[in-house]
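A.B. asks:
There are 2 protein chains.
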Amino acid sequence: MTAPWALLAAPASGGPDIPGLLLTLAAVLAATKLVGALARRIGQPAVLGELVAGILLGGSVLGVLDPGEPVLKTLAELGVLILLFEVGLETDLQALRRVGGVALTVGVAGIVLPFAGGYAVATAFGASTITALVIAAAMTATSIGISARVLGDLGRLKTDEGQIVLGAAVFDDVMGLVILAVVGGLAAGTGVTVAGVTTTALIAVGFVVGAVALGAFVARPLMAAVARVPVAGTVGVTAIVFVFVTAAIAAKVGSAMIIGAFAAGLVLHGTPQRHEIEKWVTSLGHVFVPVFFAMVGAEVDLRAMASSQALGLGAALVAVAVAGKVIAGFAPWWFRGHKLLVGVAMVPRGEVGLIFAQMGVTAGVLAGGEFGAVIAMVMVTTFVTPPWLGALTGPPPDGRGDGDSDSGLNELVSEGAPQVPPRRATQARPRLS
Amino acid sequence: MTAPWALLAAPASGGPDIPGLLLTLAAVLAATKLVGALARRIGQPAVLGELVAGILLGGSVLGVLDPGEPVLKTLAELGVLILLFEVGLETDLQALRRVGGVALTVGVAGIVLPFAGGYAVATAFGASTITALVIAAAMTATSIGISARVLGDLGRLKTDEGQIVLGAAVFDDVMGLVILAVVGGLAAGTGVTVAGVTTTALIAVGFVVGAVALGAFVARPLMAAVARVPVAGTVGVTAIVFVFVTAAIAAKVGSAMIIGAFAAGLVLHGTPQRHEIEKWVTSLGHVFVPVFFAMVGAEVDLRAMASSQALGLGAALVAVAVAGKVIAGFAPWWFRGHKLLVGVAMVPRGEVGLIFAQMGVTAGVLAGGEFGAVIAMVMVTTFVTPPWLGALTGPPPDGRGDGDSDSGLNELVSEGAPQVPPRRATQARPRLS
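Protein chains in written order, with my numbering: chain A, 1 to 433; chain B, 1 to 433.
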């Protein structure tokens, strides 16, 4: 670090440089919160702002944030685990069953089309098989938080279309994580064999299914027992211990840690302590999750991204990413609702795409330009959705959104996702402070 | 690590071993919560149990927790900062003024007597000047959280005696931190000169006074501005950024980071957002603070502690620590209340004593036996107080304690401090889950 910053951050005697770390953490939290709030002002999700804050703090611009710093890397890893735990905690597997075949069809088509398209585009731009697979995988998963929030703001969350999008996004999340485990295994060097891919996929699916099945027997009695302990924070601490252990086990059995964290969330979703846990984990998320997004942003090399090759790849990926999800909305041909609305609502990739990209860099299969192109794809798909959905629908039926009446998704959604600008002035803004 | 544990914690490819760290963190959180809850069952403060959990996990027994591990060390450092921030946030400087001269007299005597006695004892046991100073300093500060909670459980918090103890403990806290900064400077090798001691003390006092004075102008408008930002967690994140920056500045101007964190708490105590911040920071405290106590416990070398020399030193320190505070209760000769009650309530040393001990080890001036003796002093003084106070007073006047009606101290106190056993069965247990 040669930034002026460094003058304020001389190493303490012995051990890690805590004052320097505190200043970097303070800069990361302040910048992500500030740019995140600015993003919200223009009707965009906070995650976009946090990513931009990371790009600004990173080596391309200010050079304050070193994405290789081991302690911050660890905090960022904890951040992804907490994020995926929160997503799992909010995910109602029953919702998939309720909206049934339509959602499943949209979900499958919305994974297959962008994956195939992304693979083809990346190969056409000269990427190796494994690089193309990572890029393709990053195209698959819709950001459930962003979709849900925008639909809620438009008052469409309770409609058939809204429920289909939620169901398909949940399916997306689960499948996206399975793909992550498979591609992660490949990127780590297992080689692309049918047997290898099948094994990794089975482990990932088996882990989620097993965790949820077993969890019903383990989690309820466990949480019921600790809920009786008269010491503050016992339920929350038990939940986070559960997350850490499940994530470590997932890594041990050859799957991804975030699969474990997500599964832990799915399991605890079914306990009566769910809302207490959600509330308790919120401030941990506020501190750790932005560190992850900022570290991803800091990894972006604007020079590498500005090459014509990277710009071309980025533009092609954006086209395929948008087209794949929009067409997927039309896949359930028998459905008589607003198919374009469904497709557009599935477009934002958000945090899951970023996790893929980060994994690709860590595994060494995404170079600067390819990484930049994937980040651009995530940012553009997330950016275009709120105004596009706003243009497709009229104002909310009752004059305000219903997003905040859907209690289950509130916390996650109010943090991660945008409000739609055209209707801002006339809308109530509940529970955002 | 050669524990069976290690089998589960093989390094991930590249970067820190996250799964292993997750398992260690999970073990620390589970063990501190479990033994902490057991401590509470027998009417003792949770902090005692967390310390015991650390001793069990450390090298002396299970060998699971390595007190030198850099990431855990960093998390523990964040834990102390969050703890001192919470203490500052709960501290009402006005209280000192209200109970006036009596509290000040108790506070001064309660610092001078144990400091002088501790220094004499340590020197008699052959300690060097700097080691004796660190040991003496660790004897000074009463644990405000533990005292307040026990008095509350006995229904004596609102009495003259209760208010005097709180006022004296607040004074203790501030002075203890000043002593920490001075002794910390000495331990880091500045040498014991009158000029050096005076400078460091002036910096520490100046920092607290300056921060509180400036803070009134800066913190209120800042918090008022961010409170208007409609993004979840803005107030909490701003508060923690404020803590980190203040702590880093304190370190930069030659004081201790925890002085900065404490000063940040004092400043934010005066803002209308205080309760929101308290609530927000609670779960961060639940995760980070036990890591600190566990790391201190893990540092304890039971073999070194079991030497006759260390046991003799420990016993002598306990005697001086108890006698010093009890006698201090009688220092305001003109006060006509229950002087013994005041003195006994000042006995528990709790977390501040641990911070001194930890600092002594880090600076290399406390050897295993001396460190163990200080830890024993902290544990015994904390352990004897609840039953002793219970024996001195009758049952609470109205049949239950008033601890929980004193809203300001609740969160901290309900976490850090014990209930008094003799009256457990007949007492309501509000707000502990």
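Virtual Cβ for every residue (Gly too), placed ideally from N, Cα, C.
If you're wondering where the values come from, they're calculated on a predicted model, not measured in any experiment.
Measuring straight from C-alpha to C-alpha, what distance separates Thr282 (chain A) and Glu299 (chain A)?
C.D. replies: Taking the Cα positions, Thr282 (chain A) is about 26 Å away from Glu299 (chain A).
A.B. asks: Could you tell me which uninterrupted alpha helix (DSSP H) segments, each at least 4 residues in length, are contained entirely in the segment 107-157 of chain A, listed from first to last along the chain?
C.D. replies: 129-138 and 144-153
A.B. asks: Leaving aside the five residues before and after Val318 (chain B) along the sequence, list all residues of the same chain whose C-beta is less than 8 Å from its C-beta, in chain order.
C.D. replies: Ala376, Met377, Val380 and Thr381
A.B. asks: Who are the neighbours of Gly79 (chain A) on chain B, taking C-beta pairs under 8 Å?
C.D. replies: Near Gly79 (chain A) there are no residues of chain B at all, since even the closest Cβ is about 12 Å away, more than 8 Å.
A.B. asks: Check the Cβ of Met257 (chain A) against every Cβ in chain B and list those closer than 9 Å, keeping chain order.
C.D. replies: Ala12, Ile18, Pro19 and Leu22
A.B. asks: Mind pulling the chain A residues with CB within less than 8 Å of Ser283 (chain B)?
C.D. replies: Within chain A, the residues whose beta carbon sits less than 8 Å from that of Ser283 (chain B) are Gly233, Gly236, Trp280, Val281, Thr282, Ser283 and Leu284, listed in sequence order.
A.B. asks: Based on Cα-Cα distance, which residue from A:Thr362, A:Leu389 and A:Glu351 lies nearest to Leu84 (chain A)?
C.D. replies: Cα-wise, what sits closest to Leu84 (chain A) is A:Glu351.
A.B. asks: With distances taken from CA atoms, which of B:Phe383, B:Leu284 and B:Phe262 is nearest Ile321 (chain B)?
C.D. replies: Checking the sequence shown, residue 321 (chain B) turns out to be Ala, not Ile. The candidate whose alpha carbon is nearest that of Ala321 (chain B) is B:Phe383.
A.B. asks: Can you confirm whether Leu180 (chain B), when its beta carbon is compared against all beta carbons of chain A, has any partner nearer than 8 Å?
C.D. replies: It does not: the Cβ of Leu180 (chain B) has no partner Cβ on chain A nearer than 8 Å.
A.B. asks: With distances taken between CB atoms, is the gap from Ala53 (chain A) to Val80 (chain A) smaller than 8 Å?
C.D. replies: no
A.B. asks: Using C-beta distances below 8 Å, list every residue in its chain close to Gln44 (chain B), excluding the 5 sequence neighbours before and after it, in chain order.
C.D. replies: Thr382, Phe383, Pro386 and Pro418
A.B. asks: Measuring alpha carbon to alpha carbon, tell me which residue in A:Asp17, A:Ile164 and A:Gly110 is nearest Trp336 (chain A).
C.D. replies: Note that residue 336 (chain A) is Arg in the sequence shown here, rather than Trp. It is A:Ile164.
A.B. asks: Alpha carbon to alpha carbon, how far is Ala357 (chain A) from Val209 (chain A)? Give it in angstroms, no decimals.
C.D. replies: 26 Å
A.B. asks: Which value, in whole angstroms, describes the spacing of the CA atoms of His275 (chain A) and Gly236 (chain B)?
C.D. replies: 20 Å
A.B. asks: Given this structure, state the Cα-to-Cα distance separating Gln125 (chain A) from Gly372 (chain A), to the nearest angstrom.
C.D. replies: Residue identity check: residue 125 (chain A) is Phe in the sequence provided, not Gln. Straight across, the Cα-Cα distance linking Phe125 (chain A) with Gly372 (chain A) is about 14 Å.
A.B. asks: Distance, Cα to Cα, Gly88 (chain B) vs Ala76 (chain A)?
C.D. replies: 28 Å
A.B. asks: Taking 8 Å as the limit between beta carbons, can you name the residues of its chain near Met139 (chain A), skipping five residues before and five after?
C.D. replies: Pro114, Phe115, Gly117, Gly118, Leu317, Val320, Ala321, Gly324, Arg349, Gly353 and Met377.
A.B. asks: Mapping the DSSP letters down to three states, classify Pro67 (chain A) as helix, strand or coil.
C.D. replies: Pro67 (chain A) sits in coil when the DSSP states are folded into three classes, being neither helix nor strand.
A.B. asks: Assign Leu266 (chain B) to one of two classes, buried (16 or more other C-beta atoms within 10 Å of its C-beta) or exposed (fewer than that).
C.D. replies: buried
A.B. asks: Please state if the CB of Leu72 (chain A) and the CB of Val291 (chain A) are separated by a distance shorter than 8 Å.
C.D. replies: yes
A.B. asks: If Glu86 (chain A) and Gly285 (chain A) are in contact, beta carbons under 8 Å, what's the gap, nearest whole angstrom?
C.D. replies: 6 Å
A.B. asks: So with CB distances below 7 Å, who are the chain B contacts of Ala224 (chain A)?
C.D. replies: Correct list: empty, because the minimum Cβ distance to chain B is about 12 Å.
A.B. asks: Taking Ala204 (chain A) and Val243 (chain A) to be in contact with their CB atoms under 8 Å, please state how far apart those CB atoms are, rounded to whole angstroms.
C.D. replies: Not confirmed; about 17 Å, so no contact.
A.B. asks: By the 8 Å beta-carbon criterion, what residues does the segment 110-129 of chain B contribute toward chain A?
C.D. replies: none
A.B. asks: When we look at the beta-carbon of Trp334 (chain B) and count the other beta-carbons within 10 Å, is it buried (16 or more) or exposed?
C.D. replies: exposed
A.B. asks: Could you pull out every residue in the same chain whose Cβ sits closer than 7 Å to the Cβ of Leu48 (chain A), ignoring the five residues on either side in sequence?
C.D. replies: Ala39, Met379, Thr382 and Phe383
A.B. asks: Using a Cβ-Cβ cut-off of less than 7 Å, give me the residues of the segment 36-67 of chain B that come near chain A, in sequence order.
C.D. replies: Gly36, Ala37, Arg40 and Ala46
A.B. asks: In chain A, which residues lie less than 9 Å from Leu29 (chain B) when you measure between Cβ atoms?
C.D. replies: The answer, in chain order, is Val237, Thr238, Ile240, Val241 and Phe244.
A.B. asks: Find out if the Cβ-Cβ distance for the pair Ser143 (chain A), Leu302 (chain A) is shorter than 8 Å.
C.D. replies: no
A.B. asks: With C-beta atoms as the reference, is Thr131 (chain A) less than 8 Å away from Glu370 (chain A)?
C.D. replies: yes
A.B. asks: With DSSP collapsed to three states, give me the class of Ile42 (chain A).
C.D. replies: Reduced to three states, the DSSP call for Ile42 (chain A) is coil.
A.B. asks: How about Leu472 (chain A): is its C-beta nearer than 8 Å to some C-beta of chain B?
C.D. replies: Only positions 1 to 433 of chain A appear in this structure, which leaves residue 472 (chain A) out of reach.
A.B. asks: Put Gly364 (chain A) into one of helix, strand or coil per three-state DSSP.
C.D. replies: Coil.
A.B. asks: As a quick exercise: from A:Val347, A:Ala304 and A:His269, pick the residue whose alpha carbon is nearest that of Gln94 (chain A).
C.D. replies: A:His269
A.B. asks: For Met346 (chain A) versus Ala169 (chain A), is the C-beta distance shorter than 8 Å?
C.D. replies: yes
A.B. asks: Does the beta-carbon of Arg156 (chain A) have 16 or more other beta-carbons within 10 angstroms, so that it is buried, or is it exposed?
C.D. replies: buried
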